[in-house]
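Q: Taking my numbering, the leading residue of the sequence shown gets 116, the next gets one more, and so forth.
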Amino acid sequence: MILPVVAIVDGVKIEFYPDEHPPPHFHARYAEFVAQIEIRTSRVLRGSLPPAKLNRVLSWAARHQSGLMDAWSAVEELRKPEKIDD
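1) Within this structure, are the beta carbons of P139 and L183 separated by less than 9 Å?
2) What's the gap between the Cα of P119 and the Cα of Y132?
3) Does the separation of the CB atoms of I129 and A143 fall below 9 Å?
4) Just the Cα atoms here: how many angstroms apart are L173 and I152?
5) Name the two residues that bound the continuous alpha helix (DSSP H) containing R178.
If you want it as structure tokens, here you go:
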């Protein structure tokens, strides 16, 4: 399965999986770590990242909430999401 990677934040891949479920969220993958993070609240729904990486991703996500919601909508509509530039 090809996962749409919309950004890489401090080495952490920000991904969206097809056929996902609400609430709107993204997956942050770093080495063997994967965290599922709700877009609107920046709450970790499941999984984990090393603390420094998690802080960096949450800070980035708060600044890019609109782009993340656009990416979520695109994936829901079976379109490829746009890259999110920092």
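Quick reminder that beta carbons are idealized off the backbone N, C-alpha and C, glycines included.
Source: prediction; values computed, not measured.
A: Let's see:
1) For this step, residue 139 is matched to residue 24 along the sequence shown. For this step, residue 183 is matched to residue 68 along the sequence shown. Closer than 9 Å, so yes.
2) Counting from 1 along the sequence shown, the entry for residue 119 is found at position 4. Counting from 1 along the sequence shown, the entry for residue 132 is found at position 17. Computed Cα separation, rounded: 7 Å.
3) For the purposes of this step, residue 129 is taken as the residue at position 14 of the sequence shown. For the purposes of this step, residue 143 is taken as the residue at position 28 of the sequence shown. In this structure, A143 lies closer than 9 Å to I129 by Cβ.
4) Sequence index remark: in the sequence shown, residue 173 carries index 58 (1-based). Sequence index remark: in the sequence shown, residue 152 carries index 37 (1-based). Rounded to the nearest angstrom, the two C-alpha atoms are 8 Å apart.
5) Taking the first residue of the sequence shown as 1, we reach residue 178 at position 63. Element bounds for R178: P166 to R178.
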